[in-house]
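Protein chains in written order, with the working numbering: chain E, 1 to 161; chain L, 162 to 322; chain V, 323 to 483. Have a look at the structure below, then the notes.
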Amino acid sequence: MDTETRLELLEARNELHDLISRYAHGFDHQDAETLRSIWRQDAVLDLDFFGRFEGIDAIMAAADQYWTAAPFMHHWMANPLFSIDLEAGTATAATELDCLCTYVEDGTSHIGGRYRDSFLREDGRWLIAERNFDIAFVTPMPDWKPSQGVEAQPLGAPAKN
Amino acid sequence: MDTETRLELLEARNELHDLISRYAHGFDHQDAETLRSIWRQDAVLDLDFFGRFEGIDAIMAAADQYWTAAPFMHHWMANPLFSIDLEAGTATAATELDCLCTYVEDGTSHIGGRYRDSFLREDGRWLIAERNFDIAFVTPMPDWKPSQGVEAQPLGAPAKN
Amino acid sequence: MDTETRLELLEARNELHDLISRYAHGFDHQDAETLRSIWRQDAVLDLDFFGRFEGIDAIMAAADQYWTAAPFMHHWMANPLFSIDLEAGTATAATELDCLCTYVEDGTSHIGGRYRDSFLREDGRWLIAERNFDIAFVTPMPDWKPSQGVEAQPLGAPAKN
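Structure below.
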């Protein structure tokens with residue numbers, strides 16, 4: 001491969017990784033601008049039994065509903081694997097999820113599984129075309145509470161809540 | 162450093178990172194082909210008190226036993242640090258593990274620790290020569306159940322199991 | 323962008339990522355040399371209600387106190403996002419934390435949140451100028467015990483503690 005192709009591959013991998021990170025930051029911080037920026041207009045988000053959404057507007061409407069139902073979410077992504085076809089302008093990724101979601105009505109669930117992404121390059125920019133989540137587990141954590149508004153503590157002391 | 166060397170270093174790091182991710186995907190999805198592809202023929206996998214295995218065939222036989230004993234595993238890798246010697250064709254990594262293993266007989270354990278890898282480049286391709294795991298903790302989680310086959314739920318609702 | 327700039331951006335991202343990983347390895351393994359190596363002399367570490375420390379010596383003194391108060395820590399970092407200005411020699415990152423800290427007096431807390439880093443390049447080397455942690459939760463885990471010194475087990479068996 002020539003230098004240009006090698007650089008493009010390295011850069012593409014970082015861009016794809018960023019899309020995956022921005023999905024997590026967007027959801028976890030209710031950051032609609034970041035979450036909206038990662039999709040193609042007609043993107044599909046298929047979250048297994050959590051729902052299937054077609055198009056950015058449907059995805060963002062779903063996010064709004066999630067944020068109301070589960071105001072605390074943490075999507076820790078791990079083990080990303082990428083496959084990139086520069087000439088075709090297509091790529092895929094498989095990335096593991098370790099997640100906590102705290103629902104207003106039902107408390108906290110520990111959720112795990114694997115995302116499978118398809119990406120397309122549009123005007124030189126990579127975007128998610130389709131994101132599929134395969135659930136591995138959804139485990140209720142009745143004793144797990146997210147503490148918020150904890151008070152200042154002396155050095156090294158854990159929070160009490 | 163010249164451009165060629167700099168590109169090779171950047172590419173090597175990504176390849177090494179992929180080996181670590183493929184170990185996790187291979188184990189967690191019982192994907193023998195992926196798991197087999199990451200090792201040198203005479204590779205050593207030393208998992209601390211979980212066992213020590215020499216050679217790909219012994220590693221794969223151990224994986225088969227793990228998959229029978231603990232059908233649900235999640236290896237979330239974090240904080241990878243690499244050291245690469247291109248000229249020698251050698252490299253090392255230190256990577257943290259956050260893991261859940263659900264055993265048929267004893268339920269779920271939360272496992273943490275650090276992998277230390279040695280890699281060798283063979284015919285232009287990086288492979289794991291030795292992987293050592295230093296256990297930090299193995300904590301029983303008697304109340305943690307992996308839910309499988311959960312039914313479809315309305316948007317945003319957590320699974321009940 | 324020319325090849326030199328593109329290479330520098332790719333390398334800078336890896337260096338910044340390494341600083342974040344070394345913070346975690348340094349803290350979790352009580353590795354003072356690694357932890358000390360990542361900061362500018364006048365760096366600020368602001369850990370929200372856990373404390374605010376100015377200068378490497380204050381940061382290292384705080385680490386010593388943490389290591390006494392909480393001998394077992396695990397900082398699993400995820401979802402790093404970087405913004406790099408090569409010409410200015412500045413960069414920022416936002417990275418999620420999933421953490422367990424076991425305190426001598428109060429047991430284990432599960433801690434989550436987001437680090438925001440500012441970096442400066444000094445003599446061609448990136449260092450952390452300021453690290454701010456925004457706590458999302460600090461959740462007591464009264465039943466979670468780090469098992470240490472577990473005995474050898476047959477293949478695939480979980481540790482009993």
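Glycine included, each C-beta is placed from N, C-alpha and C at the ideal position.
Where residue i falls: helix, strand or coil (DSSP)
i: Gly216 (chain L); result: coil
i: Gly268 (chain L); result: strand
i: Glu257 (chain L); result: strand
i: Gly187 (chain L); result: helix
i: Ala249 (chain L); result: coil
i: Glu130 (chain E); result: strand
i: Asp64 (chain E); result: helix
i: Leu120 (chain E); result: strand
i: Ile199 (chain L); result: coil
i: Leu403 (chain V); result: strand
i: Ala69 (chain E); result: helix
i: Leu47 (chain E); result: coil
i: His17 (chain E); result: helix
i: Thr3 (chain E); result: helix
i: Thr102 (chain E); result: strand
i: Pro464 (chain V); result: coil
Residues near residue i by beta carbon distance below 7 Å, same chain, minus five either side
i: Asp31 (chain E); result: His25
i: Ile217 (chain L); result: Arg197, Trp200, Gln202, Ala204
i: Gly317 (chain L); result: Any answer about Gly317 (chain L) is weak, because its pLDDT of 43 lies below 50 and its placement is not dependable; what the coordinates show is given next. Once the five neighbours on either side are set aside, Gly317 (chain L) has no close Cβ partner at all.
Residue from the options with nearest C-alpha to residue i
i: Glu281 (chain L); options: L:Gly268, L:Glu248, L:His271, L:Thr166; result: Reading the sequence as shown, one finds Leu at residue 281 (chain L) and not Glu. The shortest C-alpha separation from Leu281 (chain L) is found at L:Glu248.
i: Glu130 (chain E); options: E:Pro146, E:Asn14, E:Ser147, E:Ala93; result: E:Ala93
i: Asp386 (chain V); options: V:Ala334, V:Leu329, V:Phe349; result: V:Phe349
i: Ser118 (chain E); options: E:Leu97, E:Ala91, E:Gly112; result: E:Ala91
i: Ser21 (chain E); options: E:Pro80, E:Phe133, E:Asp134; result: E:Pro80
i: Arg436 (chain V); options: V:Asp379, V:His396, V:Asp370; result: V:Asp370
i: Asp484 (chain V); options: V:Phe372, V:Glu333, V:Asp428; result: Because chain V in this structure spans residues 323 to 483, residue 484 (chain V) falls outside the shown range and cannot be described.
i: His271 (chain L); options: L:Ala231, L:Thr256, L:Gly285; result: L:Ala231
i: Gly434 (chain V); options: E:Asp98, E:Asp18, E:Tyr66; result: E:Asp98
CA-to-CA distance, residue j to residue i, given in whole angstroms
i: Gly411 (chain V); j: Trp398 (chain V); result: 27 Å
i: Thr34 (chain E); j: Trp126 (chain E); result: 14 Å
i: Phe243 (chain L); j: Thr68 (chain E); result: 41 Å
i: Ala458 (chain V); j: Ile406 (chain V); result: 26 Å
i: Glu444 (chain V); j: Gln202 (chain L); result: 44 Å
i: Ala313 (chain L); j: Ile38 (chain E); result: Since pLDDT at Ala313 (chain L) reaches only 37, below the 50 mark, its modelled position is unreliable, and no value is offered.
i: Glu15 (chain E); j: Arg36 (chain E); result: 16 Å
i: Met330 (chain V); j: Arg116 (chain E); result: Here residue 330 (chain V) is Glu; the residue named in the question, Met, does not match the sequence. The straight-line gap from Cα to Cα measures roughly 30 Å.
i: Gly429 (chain V); j: His396 (chain V); result: 14 Å
i: Arg6 (chain E); j: Arg167 (chain L); result: 11 Å
i: Ala62 (chain E); j: Glu165 (chain L); result: 46 Å
i: Leu10 (chain E); j: Asp18 (chain E); result: 13 Å
i: Tyr184 (chain L); j: Tyr345 (chain V); result: 24 Å
i: Tyr388 (chain V); j: His351 (chain V); result: 12 Å
i: Ile289 (chain L); j: Ile128 (chain E); result: 32 Å
i: Arg124 (chain E); j: Gly446 (chain V); result: The sequence as given places Gly at residue 124 (chain E); Arg does not occur at that position. The straight-line gap from Cα to Cα measures roughly 30 Å.
Beta-carbon proximity list for residue i, same chain, < 6 Å, skipping 5 on both sides
i: Leu367 (chain V); result: Phe375, Ile381, Arg453
i: Pro468 (chain V); result: Phe394, Thr424
i: Asp163 (chain L); result: none
i: Ala400 (chain V); result: Glu418
Own chain residues within Cβ distance below 8 Å of residue i, not counting five before or after
i: Arg174 (chain L); result: Phe243, Ile245
Inset, instruction - Decide yes or no for the touch test of the region 421-435 of chain V against the region 455-469 of chain V: beta carbon pairs closer than 8 Å, at least 3 of them. - result: With the cut-off at 8 Å, the region 421-435 of chain V and the region 455-469 of chain V touch.
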